[in-house]
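The sequence shown runs -27 to -1, 1 to 706 under mature numbering (1 follows the signal peptide of the UniProt record, and there is no 0). Ideal Cβ placement from N, Cα and C applies to all residues, glycine included. Below is one structure, written out as structure tokens; comments come after it.
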Amino acid sequence: MMGCLDWKIHSCFYVFLVIFAEPYVSGFTDPRDVYAINSLYASLGFPPLPNWIPFGGDPCGLNWQGVLCVNSNITSIILSGANLGGELSEDMGSFASIIQIDMSNNHIGGSIPSDLPITMRSFFLSGNQLSGSIPDTLSSLDQLTDLSLNNNNLTGAIPDAFLQLKGLINMDLSGNSLTGQLPPSMGILSSLTTLHLQNNHLIGTLNVLQDLPLRTLNIENNLFSGPIPEKLLSIPDFSRGGNPFNTTIIPSPPASPPSLSPSMAPSPHLVPTKQANGPSVFQLPQFGREGKKSTTKTVSWISIAGLLAVVLLALGLCVLMFKCCKRKKLKEKIAKRYEMGAFDELEQTRKRDQSLPKPFHQVEREPKEGVLQQSVGDSKRKTTLLKQDKDHSIDMTGLDHTQLPPPAHPLPLLPAERIAADPIFSPLTSRENASNRVDSVKYFTIASLQQYTKSFSLENLIGEGTLGTVYKAELPGGKVLAVKKLNTIASRHLSDRKFLELVSNISKLHHANIVELVGYCLEHGQCLLVYNYCTNGTLYEALHLDVEINKKLSWKARMHLALQAARALEHLHETCQPPIVHQNFRSVNILLDDGLAVRVSDCGLAPLLPSDSMTQLQGHGYGAPELELGSYTYQSDVYSFGIVMLELLTGRKTYDRLRPRGEQYLVRWAIPRLHDIDALSRMVDPALNGAYPSKSLSRLADIISLCIQHEPEFRPPMSEIVQNLLHMIQRDS
């Protein structure tokens, strides 16, 4: 009896111990990761993050916000824009298997710790208050592919720590106070395609970058000097203004001083000696008669070089004066011709001026999107190309001919055979001032976009949607972009300032599953947005139209597509500040790249949607019930996401008038079948041929049911949906 009582007492004690100690042990999560994340949480000052606890805990088992795991290891910490302060932990290197840390756009101070996890592939700390230097222990991160440390207060030189980082693809160190020259090991980065170094105090030349496979290079507003390597001029997106470059092909020899004594000659044999009552002076050491002859010969050559430099300078001045006189006469002649209205003569004059030799800094391999940029100190002057109409006439009314610039350096106009025969825009004054542009993305002129889209021809038409038409644009270097030409309904109430604000906001959307804005155009009453091109079209086409891509959409592929689309919405809803509602989430706005990865389009464009867009969304079968009351919230996006998952599950269109009346609307047909296991198995897309895990099918049905709840308050947030999908995929694998 006593033994039985002792056993009960011990059992109760152990149960109590387990319950009491549960929050303080690691549970399912690797203890090394628990220690590392606890240390990080303490360094950040214990911010109020959902499910996080100060000591111990189970980050993977209890779904700590922003923490992603694979099995028992933390693989990602994503806390971008979470209003974090404090500092980074010195124990960051204790994470066992982490591959991504994104703590950008917070208020984190202190320095970057030297002990970093060697398994890391993506490291994002941009937009914080970090100071100190970049640690040279960066060299140990041999798996790193993406590094963003921009917009902090980092100082010192860029460390020579890139020898092992041959997989690095994107690096952004802009907006700091970095000094010194580019390290030699940067020339080893054989995978680097994007490099941002603008707005620092870097010096020296760019020679170390000339053999890298760069597609985007921004070095604006630094102190780089020397000639620009010719290979860099072929980079498609190269921004270099605000640097004191010497852009001549071969630097001219320096002019010699009027009197150059042997003791001042820049000979390698000069040594400093101390005078009895004065400062050190340079004297020639005594090397015997041969040394004297050699020194005399050196001085003679220097004198000859100096004389040649003076002669060349004089000749250059003569040529310059001759050209100035010629330009003055030419200017007077052009003014007279304008007054007479003889445009043919003007064309001949322009062609003659174009044949004049230009300084090297104005000769580029290719005009950069029709904009001539010249750096003057730290400022830029941008001159937008004039566009001619199909009759090649220019209205000179009201032009002050006395203020015409000398035509010695004409703008790089497109060749006649490349100008569209029938431009779609009338030659009105541009609505947008060049000084008022958004610097975070590229500005395209209408002339260049017409050239790249073949005058917005039907051949280049990709599709037409609520906001406008999208065209395929093929750049001369082979890069392909997508140009969205906003229709009048979307842009008629949009002022220049509002459009530029919109562009600025969209340019800040950086996420792996959101299509990236490359640039924009605002000219002649037209608003155009330029995005990266996705080769495999839309999810709608993959499910319903493209047979070849449809064959690749296995159950596993479909679940990964759903997860990626969910992550895009999670980023919009919960990471962006202020949060963004998509308001037009449909399978036609889910693009697929060449690796069948999701890129959600139309993000941030909700302000442009017409007043009847909610009705249209309901007509397409994606609209939540509350849209009938004119209400659209984040939960409405969740509902639309649930409909997209129904498409992935069934392979059916959201509305199909060819089906029987009871099956035309997908959501009405599907809801009563989601919790009937037999009916659920019959709902699955026949194209899958039964190749799916039955347990995953019921879990997916549960997630869909939550998303398409009639009452918006019962729908889960996107972060919860992401975790549910992630756990489902992990269980399947």
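(request) Could you tell me which residues DSSP pairs with Cys500 in its beta bridges? (result) Walking along the sequence shown from the start, residue 500 turns up at place 527. Partner(s): Leu495.
Alpha carbon to alpha carbon, what distance is there between Lys457 and Phe429? By one-based count along the sequence shown, residue 429 stands at place 456. By one-based count along the sequence shown, residue 457 stands at place 484. Cα to Cα, Phe429 sits roughly 11 Å from Lys457.
- Query: Which class does Gln696 belong to by DSSP, given the choice of helix, strand or coil?
  - Reply: Working through the sequence shown from its first residue, we reach residue 696 at position 723. The answer is helix: DSSP assigns Gln696 an H, G or I state.
Compare the Cα-Cα distances from Ala515 to each of Gly624, Trp37, Ser95, Phe135 and report the closest residue.
Here residue 515 is taken as the residue at index 542 of the sequence shown, counted from 1. For the residues Gly624, Trp37, Ser95, Phe135, the minimum Cα distance to Ala515 belongs to Gly624.
Measuring alpha carbon to alpha carbon, tell me which residue in Ser67, Thr461, Leu502, Thr178 is nearest Thr418. Taking the sequence shown and counting its residues from 1, one reaches residue 418 at position 445. Checked all of Ser67, Thr461, Leu502, Thr178; the closest Cα to Thr418 is Leu502.
Worksheet item: For Asn46, which three-state DSSP category applies?
Response: The count along the sequence shown starts at 1 and reaches residue 46 at position 73. If DSSP states are grouped into helix, strand and coil, Asn46 belongs with the strands.
_At the level of alpha carbons, what is the spacing between Thr357 and Lys204?_
Position 384 of the sequence shown, counted from the start, is the residue given in the question as residue 357. Position 231 of the sequence shown, counted from the start, is the residue given in the question as residue 204. With a pLDDT of only 33 at Thr357, under the threshold of 50, the placement of this residue in the model should not be trusted; the figure read from the coordinates follows. Distance between the alpha carbons of Thr357 and Lys204: 26 Å.
Problem set entry | Lys457 - partner residues in DSSP beta bridges | One-based indexing of the sequence shown puts residue 457 at position 484. When DSSP reads this structure, Lys457 sits in a beta bridge with Val443, Leu502.
Checklist line | Val611 versus Arg688 - alpha carbon distance | finding: Walking along the sequence shown from the start, residue 611 turns up at place 638. Walking along the sequence shown from the start, residue 688 turns up at place 715. Whole-angstrom Cα-Cα distance: 7 Å.
Requested in this report: Can you tell me which of Tyr506, Ser67, Lys668 puts its alpha carbon nearest to the alpha carbon of Gly451?
Outcome: Position 478 of the sequence shown, counting from 1, holds the residue named residue 451. Closest in C-alpha terms to Gly451, from the list Tyr506, Ser67, Lys668, comes Tyr506.
Suppose you measure from the CA of Ile81 to the CA of Ile650; what does that come to, to the nearest Å?
Stepping through the sequence shown from its first residue, residue 81 is reached at position 108. Stepping through the sequence shown from its first residue, residue 650 is reached at position 677. For Ile81 and Ile650, the gap between their C-alpha atoms comes out near 50 Å.
Close beta carbons around Asp566, own chain, < 8 Å, minus the five adjacent residues each side: Locating residue 566 in the sequence shown gives position 593, counting from the first residue. Setting aside the 5 residues that flank it on each side, Asp566 is surrounded in the same chain by Cys507, Thr508, Asn509, Arg572, each with a C-beta closer than 8 Å to its C-beta; the list follows chain order.
**Message:** At the level of alpha carbons, what is the spacing between Leu288 and Ile277?
**Reply:** On the sequence shown, residue 288 is found 315 positions in, with the first residue counted as 1. On the sequence shown, residue 277 is found 304 positions in, with the first residue counted as 1. The straight-line gap from Cα to Cα measures roughly 16 Å.
- Item | Nearest-angstrom Cα separation, counted from Gly215 out to Lys353 | Against the sequence shown, residue 353 aligns to sequence position 380. Against the sequence shown, residue 215 aligns to sequence position 242. Confidence at Lys353 is low in this model, with a pLDDT of 35, below 50, so the placement of that residue is unreliable and no value is reported for it.
In three-state DSSP terms, what is Asn126?
The residue you call residue 126 lines up with position 153 of the sequence shown. The answer is strand: DSSP assigns Asn126 an E or B state.
- For Gln116, which residues from the same chain have a beta carbon less than 8 Å from its beta carbon, with the 5 sequence-adjacent residues on both sides left out? Translated into the one-based positions of the sequence shown, residue 116 becomes position 143. Answer for Gln116: Ile72, Ile91, Thr92, Met93, Arg94, Gly140, listed in chain order.
Alpha-carbon to alpha-carbon, Asn24 and Thr2
Residue numbering aside, residue 2 sits at position 29 when the sequence shown is read from its first letter. Residue numbering aside, residue 24 sits at position 51 when the sequence shown is read from its first letter. So the alpha carbons of these two residues sit roughly 14 Å apart.
### Residues near Gly441 by beta carbon distance below 7 Å, same chain, minus five either side
Indexing the sequence shown from 1 puts residue 441 at position 468. In its chain, beyond the 5 residues on either side, Lys457, Lys458, Leu459, Asn460, Ala463 have a beta carbon closer than 7 Å to the beta carbon of Gly441.
Query - Sheet register partners of Asn143 (DSSP bridge) - result: Counted from its first residue, the sequence shown places residue 143 at position 170. DSSP lists Asp119, Thr167 as partners of Asn143.
#### Entry: Host beta strand (DSSP E) of Asn191 (start-end)
Within the sequence shown, the letter at position 218 stands for residue 191. Counting along the chain, the beta strand (DSSP E) containing Asn191 begins and ends at 189 to 191.
Open item on the list: Once DSSP output is grouped into helix, strand and coil, what is the label at Leu17?
Closed with: The residue given as residue 17 occupies position 44 in the sequence shown. Residue state, collapsed to three classes: coil.
Scan the segment 511 to 580 and note each continuous beta strand (DSSP E) run of 3 residues or more that stays entirely inside, going in chain order. Taking only runs of at least 3 residues, the beta strand (DSSP E) segments lying wholly in the segment 511 to 580 are 563 to 565, 571 to 573.
Do the CB positions of Pro86 and Asp109 come within less than 8 Å of each other? Start at 1 with the first residue of the sequence shown, and residue 86 comes out as number 113. Start at 1 with the first residue of the sequence shown, and residue 109 comes out as number 136. The criterion of a C-beta distance shorter than 8 Å is not satisfied by Pro86 and Asp109.
Let's test the definition: count the other Cβ atoms within 10 Å of the Cβ of Ser212 and tell me whether it reaches 16, buried, or not, exposed. As a position in the sequence shown, residue 212 is number 239, starting the count at 1. Its Cβ being crowded by 16 or more others within 10 Å, Ser212 is buried.
Open item on the list: Let me make sure I understand the geometry here. Which of Ala485, Leu495, Leu162 has the alpha-carbon closest to that of Leu475?
Closed with: The sequence position of residue 475 within the sequence shown is 502, counting from 1. Per the Cα distances, Leu495.
ask   = Nearest-angstrom Cα distance between Thr511 and Tyr628?
value = Along the sequence shown, one-based indexing puts residue 511 at 538. Along the sequence shown, one-based indexing puts residue 628 at 655. Spanning the two alpha carbons is a distance of roughly 17 Å.
### Query
Comparing alpha-carbon positions, which option in Asp88, Leu155, Ser164 lies nearest Gly177?
Within the sequence shown, the letter at position 204 stands for residue 177. Ranking the options by Cα distance to Gly177, first place goes to Leu155.
Host alpha helix (DSSP H) of Glu474 (start-end)
Translated into positions along the sequence shown, residue 474 becomes position 501. Membership of Glu474 in the alpha helix (DSSP H) is indicated by the continuous run 469 to 480.
| Through-space distance from Met294 to Val181, alpha-carbon basis | Locating residue 181 in the sequence shown gives position 208, where the first residue counts as 1. Locating residue 294 in the sequence shown gives position 321, where the first residue counts as 1. Distance between the alpha carbons of Val181 and Met294: 39 Å.
Do you know whose CA, among Ala55, Asn36, Asn56, lies nearest Ile47's CA? Numbered from its first residue, the sequence shown carries residue 47 at position 74. The option with the nearest alpha carbon to Ile47 is Asn36.
#### Entry: Classification of Ser77 by the beta-carbon crowding that lies within 10 angstroms, buried from 16 upward
Taking the first residue of the sequence shown as position 1, residue 77 is located at position 104. With at least 16 other beta carbons inside 10 angstroms of its own, Ser77 counts as buried.
Check your understanding: Under the DSSP definition of a beta bridge, which residues are partnered with His174?
Key -> Along the sequence shown, read from residue 1 onward, the residue named residue 174 stands at position 201. Bridge partners of His174: Thr152.
Q) Should Leu290 be labelled buried (16 or more other beta-carbon atoms within 10 Å of its own) or exposed? A) Within the sequence shown, residue 290 is the residue found at index 317, counting from 1. Leu290 comes out exposed.
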